[in-house]
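A.B. asks: Got a structure here, written out as structure tokens. Questions coming.
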Amino acid sequence: WLAPAIREGLLAPLTGAEESSWWAALPPRMRQLGIRNSSGAVDSRQGQVYGAPYRWGCTLFAYRKDKLKQRNISPPQDWEDLWRPELKGRIAMVDAPREVVGAALKSCGLSVNTPDVQQPDVNRRVRRRLRELSQQVRLFSSKDHMKALAAGEVWVVVGWSQELLAAALKSNNIATVFPASGTTLWADMWVVPSGREDQRETSPLISQWIDFTLQDQRLSTTKGFRGGAAPRTMPSDFTGVEIAQRIPNSTFELMKGGMPGRDLLDSSEFILPLSEIASAQYRSLVESMRV
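Its first residue numbered 34, the sequence shown is counted upward by one per residue in our numbering.
Structural data, given as structure tokens:
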């Protein structure tokens, strides 16, 4: 939503952000997310700060332990497992085109932000994977996927961390998995609506609020991705790394607030805005699933 909002002139840049204390405290990957040009694309050279990330999360797998155990089926560990024959018709997935296409791209060892999916070899492989995935997935829904898992209609769900972890907290029969080759990441940001044309300066109260929400004492060291992780838990080469190390990650138990190690996060990607040409290519891929 950030890119189209910037293009339509609905948001104002956060003036003075790069001189603020909260900006200095953000890990580099979080900074990059907020710097956009006039078209909404991530642009660290010519862009301005339009957003301040205040929490982030990821896409996970959740599965019914009882259903898989009864059938002697091993839990999914990575994207390619979604194509296993024994899971056919027993998967639900969020109805988000970039997540769906991203699953196919990840299973092919490609970036979820691949800029040109029309390259013959790439297009052929990804289209085939998407057609096969349409047969594997019983339900594409961002509303009813967790209900289907709770009812036992599906055994595996691909969805967003806060929903899956909340469900796992309520049921001993639900477990979660961080994909072994990395996953897609998301972040929520503070933004400022555009005002009058003569309103060039951002209120100092905005910077104070952002700084307050990112203070160390507000950082939970026990929740991890549950409810969204604090920006400074993202590993980095400076400030954030010391804080990230205070989050329990030795056993990497998501339900106990464990966070993935740097290797897994380095192989994970934030879903970034695409060019108009690339967006059309991705839409074509989604349409190919219905053929």
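For every residue, glycine included, the Cβ atom is placed at its ideal position computed from N, Cα and C.
1) Find the nearest neighbour of W219 within the set L298, Q168, S240, judged by alpha-carbon distance.
2) When you compare only the Cα positions, how much space is there between P108 and L163?
3) Grab me the residues of V75's own chain with a C-beta within less than 8 Å of its C-beta, minus the 5 sequence neighbours each way, in chain order.
4) Under 8 Å: do the stretch 43-59 and the stretch 211-226 share three or more Cβ pairs, one atom per stretch?
5) Given this structure, state the Cα-to-Cα distance separating R323 from G80, to the nearest angstrom.
6) Tell me which residue opens and which closes the alpha helix (DSSP H) that G135 is part of.
7) What is the rounded straight-line gap between the Cα of A311 and the Cα of Q151?
8) In its own chain, which residues sit with a C-beta less than 8 Å from the C-beta of L35, not counting the 5 before and 5 after it?
9) Suppose only complete runs of 3+ residues qualify. What are the beta strand (DSSP E) ranges in the stretch 45-97, listed by chain order?
10) Mind checking which residues open and close the alpha helix (DSSP H) that includes L318?
11) For a minimum of 3 consecutive residues, which ranges assigned as the beta strand (DSSP E) are wholly contained in the stretch 207-246?
12) Taking the alpha helix (DSSP H) that L297 belongs to, which residues open and close that run?
13) Is there contact here, the stretch 235-242 with the stretch 130-149, by at least three beta-carbon pairs under 8 Å?
14) When burial is assigned at 16 or more other CB atoms within 10 Å of the CB, is Q314 buried or exposed?
15) Taking just the CA atoms, how far does R123 sit from R104?
16) Among residues of its own chain, excluding the 5 on either side of V190, which ones have a beta-carbon nearer than 6 Å to its beta-carbon?
17) Report the option in A199, G291, A129 whose CA atom is closest to the CA atom of T217.
18) How is the alpha helix (DSSP H) around A125 delimited, first residue to last?
19) Which same chain residues, not among the five before or five after G215, have their C-beta less than 8 Å away from its C-beta?
20) Measure the Cβ-Cβ separation of F258 and L202 and say whether it is below 7 Å.
21) Whose C-alpha, out of R88, M63, S53, is nearest the C-alpha of K256?
22) Can you list, in chain order, the residues of its chain with a C-beta nearer than 6 Å to that of W56? Leave out the 5 residues immediately preceding and following it.
23) Please classify G273: does DSSP put it in a helix, a strand, or coil?
24) Looking at the secondary structure, which residues open and close the alpha helix (DSSP H) in which V159 lies?
25) Measure the CB-CB distance between W188 and L101 and report whether it falls below 7 Å.
C.D. replies: This is what the structure gives:
1) L298
2) 21 Å
3) Q65, L66, I68, R69, L305, P306
4) yes
5) 38 Å
6) 130-140
7) 9 Å
8) L44, R69, G73, Y83, G84, M222, V224, P306
9) 85-97
10) 309-321
11) 207-210, 217-223
12) 295-299
13) no
14) buried
15) 13 Å
16) A95, A125, H178, L182
17) A129
18) Note, A125: premise wrong, no alpha helix (DSSP H); beta strand (DSSP E) at 124-126.
19) K139, L297, L298, D299, S300, S301, E302
20) no
21) R88
22) A50
23) With a pLDDT of only 40 at G273, under 50, the local geometry of the prediction cannot be trusted, and the value read off the model is given with reservation. In the structure shown, G273 sits in a helix (DSSP, three-state: H, G or I).
24) 153-169
25) yes
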